[in-house]
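The next block holds one structure in the form of structure tokens; read it before the comments.
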Amino acid sequence: MENMQEARLSFIREITYEVVKMIATNSNISLKEAKKEFTKSRTYNFLSYSDDPFVEEGPEDFFEMFQNEKKYGRMITDTQLYLEQHPELYQ
Numbered sequence: 000m001e002n003m004q005e006a007r008l009s010f011i012r013e014i015t016y017e018v019v020k021m022i023a024t025n026s027n028i029s030l031k032e033a034k035k036e037f038t039k040s041r042t043y044n045f046l047s048y049s050d051d052p053f054v055e056e057g058p059e060d061f062f063e064m065f066q067n068e069k070k071y072g073r074m075i076t077d078t079q080l081y082l083e084q085h086p087e088l089y090q
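Residue numbers for the sequence shown, in our numbering: 0 to 90.
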């Protein structure tokens, strides 16, 4: 069980680092500022405290969720947003 916890913490650190780099680049801010912004978000909270030990989203997904959280107030990926806007695709 300890190895699972270590793997989970490593996953969180790696995803956080990649998302922070994307935020910094996209917003033209420092890594420190980007990390502060990300760690205050619901998206980071989901990443860090999800009950699912096998979160399948990658850094790009978390970056999209973060961006959409800021823009729409919803933690949602671009793909999920597109599918919501085009329900005819489900027919």
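Glycine is no exception: its CB is placed at the ideal position from the N, C-alpha and C atoms.
- Scanning Lys35, Leu80, Asn25 for the CA closest to the CA of Thr15 turns up Lys35.
- A contact between stretches requires three or more CB pairs, one per stretch, nearer than 8 Å, and the stretch 36 to 51 fails this requirement with the stretch 76 to 85.
- Of the residues assessed, Ala33 falls on the buried side of the cut-off, its CB having 16 or more other CB atoms within 10 angstroms.
- For Pro86, there is no enclosing alpha helix (DSSP H), as DSSP marks it with neither H nor E.
- Asn25 is positioned such that its CB atom lies no closer than 9 Å to that of Phe61.
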